[in-house]
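Below is one structure, written out as structure tokens; the observations come after it.
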Amino acid sequence: MRRHKRWMPVCAFLLTLAVLLSACVGSGKPAAEETGGTKTDTETNNAGTEVSGKSAGSGEQIELVWMTRPPDNEEQEKIRREQVIEPFERAYPHIKLKLVETQDPDMLTRQQLAAGAGPDIIVVDGPTTLMQFASAGYLKPLDEYAAQYGWNERFYDWALDTGVYEDKLYGLPGAYESLVVWYNKEMFQANGWEEPKNFDEFMRLNEKIQQSGKIPFAFGTTEFRAANEWWLSLVYNSYLGPEEFKKVLKNEVPWTSDLIKEATQLWVDIWKKGYINEKQSHAISSEDAWYLIYNQKAAMIMEGTWALDRLVTNPPPFEMDFFIMPGWREGVEPTLPMALGEAIGINSKTKYPDETAAFIDFYYGMERAKSELERGTFLPVNGLKIDDVQVKSPLVKKVYEELNQAFAEGKTGYASWTYWPPKAQQFLWDNIDAVFLDAMTVDQYLQKAQEKAEEDAADGMLFRFSD
Amino acid sequence: METWIRNKIPANFRAGLRSLSRKLLPWLLLSPTLVLLTLVISGPLVGTLLLALTDWNGIHPPNFIGADNFVKLVHDPVFYKSLGNNIKWMLFFLIVPVIMGLFVALWVSRVGRGQMLYRSLLFMPYIVSTVVTAKIWLGLYNPYFGINTVLEKWGLGFLARSWLGDTSIALYAVAVADTWHFWGFLVVLFLMALHQLNRSLEEAAIVDGANKIRIFWHIVLPQLRPTIVLVYMLLIIWSFAAFDYVFVMTQGGPGNATELIATYMYKLAIYNQEPGYASAIALTMGIFSLIVILGFGFIKKKGWDV
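As you go down the protein sequences, you meet chains A and B in turn. Going letter by letter, the first sequence gives residues 1 to 467 in my numbering. Going letter by letter, the second sequence gives residues 1001 to 1306 in my numbering.
Right, here's the structure in full:
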């Protein structure tokens, strides 16, 4: 027994080594490669074409890894299961979807791709990240699949263009969204307040609301400081107008230009007047801001069209409505800053590109586009008609129509999380509080933003606007 | 068999073997830990060192840029702001929770009945998760339904502040939340040390007519010195690694007023896609922590009972 004990440390050492070595083995391949397996059958997809099966052999089930955010609630979880996973697996019985839920799929995907692995289906928060992946060779070009599935005809041109890198398509566009001003309609009616038609009316409205003892705008950023970019997007688009602002985003005009300075100063002045959450926006969270709306302490909240989901599933005890922010400068039309909230691509190292393409075709297909539209999420799909679906709130229809009208009239601008240079954007939303609190001047703020934009340009990270 | 070995192998050779096995055994026992340390600590350390010399953005292949990241760090005002905040944070923790913990531990150690209850109550915040504690304090600091409303109700409205919105107090407001969570741990540490005191010294001092303050200063405190030094060493190192409360409650805002080195590194690596530069900052802070540990080692060598 004693002799056995002498060997214990050696055994322990060897065991530890074995465990550690086994932990080091096995990664470094894309998720689908590790699952192995092949397929025989060819199935017909939504578009009526067949999955060729050229990437998989015969006989066995395959597994596609889909990494995405967890659903916000049980209803969304049910929708994901019943309207995406189950119908897809029924349509393609040889494919099993392996759902990996994480709060930050962008970051995890980036790390896995850098390590030579990553999910088969690459889903990120917008085309900016997807284009970074494309530039590093992490994504498979989709042009063949676009021809096979008719994606060029299915998606809006402007939305599909965001997935093009060096003349090749690498990503498909997810839901589009914009920024509007939501307001308590009953409170407005009771006080005789009206939707502003120009900047002067907008300022007078703020003044009246403040004088009535209410907070003009609810807004909070403590838990999500990036929310500052919603206002930044709105302010610059509303003051400069989309054409002038596009020049800044292309680095043709610097962030230190007079128009950007004037717009920034105007917003700082508005904040200092207390119109935006009584100068407490950096001391409360966005949930607190919605609490102020629901409890009728605040009259308006500037947020994205994604707020429809909240207003439909958890409506306040009064009627809500919205208006598009008027132009902040003479001659600038009301502009809706547009963005894509999601983009999807195929891992260049996946063993099953055809099956992955079949999934993203299904995921952004007409059926799902219709069911998403019912809840106020708008996929940029041609031929989608609001009258063909049963929307859950008249607000959904109104927002959808306003967005489409803005497209038709060319009154759309550029929201930060799709079009802005990444380092400049991060600097701008992270430091605007310092300007509000006089810890930084507007000039210093914009000078630094310009430096960041130049770094982005050097890194090739400026948005590639198509002519 | 053993007899055969004894007869065949010379005694001095056997003694040599025994001596060798005595020397090897500790290393053998340590080997699992050493392998783990090598893989888990040295690997990332070497990785960080290499990354710090590159301009890697987390996506494209890294380019070697020598010491450029360290030069950038020297000229980075946010780094200095964060470093300053870390020093303020450290000073706060070296003073406030230590004094609170020590005096409450002294008081609890004198409690006869129900001491375990008090110990449990004081330790309870420490087992609450960081995010939960931070969210509770976010609610308390909320200008619309937090402690400000209570202060106003009590006629103390002049004390109401924008706790997380005022750049001059936001850092301390977050530190108070962390202290509430953390100080119970210090109470337990000090209580353990107090239970190991040599009571005869205290009794002798009482016989000599020493008052409570003199007993505390000249008898209790010197005996607590090893614990206090250990606590200080841990607090200094932890202060420079502080991240969670700031990240959950303010994300470094408003206007970098609560930015700490760790939150700044996170932002650089994650949001700004500058893991190379973030690694340079991490290395700098690692060197700082090493200096602190060496400093305490030096104090110990000088004869302090650490």
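Even for Gly, the Cβ is constructed at its ideal location relative to N, Cα and C. Fair warning: this is a prediction, and the values are worked out from it, not measured in the lab.
Member of the options whose CA lies at the smallest distance from the CA of residue i
i: residue 282 (chain A); options: B:1035, B:1184, B:1216, B:1252; result: B:1252
i: residue 1101 (chain B); options: B:1032, B:1116, B:1191, B:1160; result: B:1191
i: residue 188 (chain A); options: A:80, A:267, A:322; result: A:322
i: residue 144 (chain A); options: A:431, A:346, A:453; result: A:346
i: residue 1295 (chain B); options: B:1233, B:1177, B:1213, B:1146; result: B:1233
i: residue 341 (chain A); options: A:228, A:60, A:179; result: A:179
i: residue 1285 (chain B); options: B:1153, B:1177, B:1082, B:1029; result: B:1082
i: residue 1231 (chain B); options: B:1298, B:1287, B:1093; result: B:1093
i: residue 301 (chain A); options: A:184, A:109, A:380; result: A:184
i: residue 105 (chain A); options: A:134, A:65, A:73; result: A:65
i: residue 213 (chain A); options: A:299, A:249, A:256, A:90; result: A:299
i: residue 1069 (chain B); options: B:1282, B:1302, B:1304, B:1156; result: B:1282
i: residue 73 (chain A); options: A:365, A:118, A:314; result: A:314
i: residue 305 (chain A); options: A:155, A:466, A:403, A:109; result: A:403
i: residue 1290 (chain B); options: B:1215, B:1240, B:1013; result: B:1240
i: residue 113 (chain A); options: A:430, A:238, A:349, A:154; result: A:349
i: residue 135 (chain A); options: B:1060, B:1056, B:1037, B:1287; result: B:1060
i: residue 137 (chain A); options: A:110, A:338, A:157, A:238; result: A:110
i: residue 408 (chain A); options: A:336, A:287, A:234; result: A:336
With 16 other Cβ atoms within 10 Å as the buried cut-off, status of residue i
i: residue 177 (chain A); result: buried
i: residue 470 (chain A); result: What the structure shows of chain A is the stretch from 1 to 467, and residue 470 (chain A) is not part of that stretch, so it cannot be assessed.
i: residue 433 (chain A); result: buried
i: residue 81 (chain A); result: exposed
i: residue 1022 (chain B); result: exposed
i: residue 1121 (chain B); result: exposed
i: residue 327 (chain A); result: buried
i: residue 252 (chain A); result: exposed
i: residue 197 (chain A); result: exposed
i: residue 1017 (chain B); result: exposed
i: residue 1218 (chain B); result: exposed
i: residue 56 (chain A); result: Note that residue 56 (chain A) scores 49 on pLDDT, short of 50, meaning its location in the model is unreliable; the coordinates nonetheless yield the value given after this. Classification for residue 56 (chain A): buried.
i: residue 94 (chain A); result: buried
i: residue 1038 (chain B); result: exposed
i: residue 149 (chain A); result: buried
7 Å Cβ shell around residue i - same chain, five flanking residues per side excluded
i: residue 375 (chain A); result: 309, 312, 392
i: residue 1236 (chain B); result: 1090, 1292
i: residue 261 (chain A); result: 442, 446
i: residue 1058 (chain B); result: 1273, 1275
i: residue 1167 (chain B); result: 1254, 1255, 1257
i: residue 294 (chain A); result: 316
i: residue 1009 (chain B); result: none
i: residue 953 (chain B); result: Not covered by the structure: residue 953 (chain B). The range shown for chain B is 1001 to 1306.
Contacts around residue i, its chain only, beta-carbon distance under 6 Å, and the 5 residues preceding and following it disregarded
i: residue 428 (chain A); result: 232, 449
i: residue 1130 (chain B); result: 1244
i: residue 410 (chain A); result: none
i: residue 1298 (chain B); result: none
i: residue 99 (chain A); result: 66
i: residue 537 (chain A); result: Residue 537 (chain A) lies beyond the stretch modelled for chain A, which goes from 1 to 467, so this question has no answer here.
i: residue 240 (chain A); result: 259
i: residue 97 (chain A); result: 64, 66, 85
Neighbourhood of residue i by C-beta, 8 Å cutoff - its chain only, sequence neighbours within 5 removed
i: residue 1194 (chain B); result: 1105, 1106, 1109, 1220, 1224
i: residue 401 (chain A); result: 386
i: residue 1165 (chain B); result: 1143, 1254
i: residue 1064 (chain B); result: 1053, 1054
i: residue 164 (chain A); result: 170, 464, 466
i: residue 1202 (chain B); result: 1215, 1219, 1220
i: residue 1086 (chain B); result: 1239, 1240, 1242, 1260, 1261
Residue ranges of each beta strand (DSSP E) within the stretch 151-225 of chain A, 3 or longer: Runs of the beta strand (DSSP E) inside the stretch 151-225 of chain A: 176-184, 215-218.
Across the stretch 410-422 of chain A and the stretch 118-130 of chain A, are there enough close Cβ pairs to call them in contact, namely three or more that are closer than 8 Å? The stretch 410-422 of chain A makes contact with the stretch 118-130 of chain A, as at least three CB pairs between them are under 8 Å.
Do three or more CB pairs link the stretch 1034-1054 of chain B to the stretch 1129-1149 of chain B at distances below 8 Å? Here the stretch 1034-1054 of chain B does not lie against the stretch 1129-1149 of chain B, with fewer than 3 beta-carbon pairs under 8 Å apart.
Unbroken stretches of the alpha helix (DSSP H), 4 residues or longer, contained in the stretch 74-118 of chain A: Listed in chain order, the alpha helix (DSSP H) elements of length 4 or more contained wholly in the stretch 74-118 of chain A are 74-80, 86-91, 105-114.
May I ask you to verify whether the stretch 314-331 of chain A touches the stretch 81-100 of chain A, counting CB pairs closer than 8 Å and requiring at least 3? Because the criterion of three Cβ pairs below 8 Å is not met, the stretch 314-331 of chain A and the stretch 81-100 of chain A do not touch.
The stretch 1177-1188 of chain B touching the stretch 1115-1126 of chain B, judged by at least three CB pairs closer than 8 Å: Verdict: yes, contact present.
Counting Cβ pairs, one atom from each stretch, are 3 or more of them under 8 Å apart for the stretch 1252-1263 of chain B and the stretch 1168-1176 of chain B? Enough Cβ pairs lie closer than 8 Å, so yes.
Should the stretch 345-363 of chain A be called in touch with the stretch 375-384 of chain A, which here means at least 3 C-beta pairs below 8 Å? Output reads no: the stretch 375-384 of chain A does not touch the stretch 345-363 of chain A.
Just to confirm the assignment: which complete alpha helix (DSSP H) runs, minimum length 4, are found wholly within the stretch 1048-1081 of chain B? If you keep only unbroken alpha helix (DSSP H) runs of at least 4 residues inside the stretch 1048-1081 of chain B, you get 1068-1074.
I'd like to know if the stretch 241-252 of chain A and the stretch 197-210 of chain A are in contact, where contact means that at least 3 CB-CB pairs between them fall below 8 Å. Contact check between the stretch 241-252 of chain A and the stretch 197-210 of chain A: fewer than three CB pairs, one atom from each, fall below 8 Å, which does not count as touching.
Continuous beta strand (DSSP E) assignments of at least 3 residues falling wholly in the stretch 329-369 of chain A: Fully enclosed beta strand (DSSP E) runs of 3 or longer: 336-340, 343-346.
Ignoring anything shorter than 3 residues, give me the beta strand (DSSP E) runs that lie fully in the stretch 236-317 of chain A, in order along the chain. Runs of the beta strand (DSSP E) inside the stretch 236-317 of chain A: 298-304.
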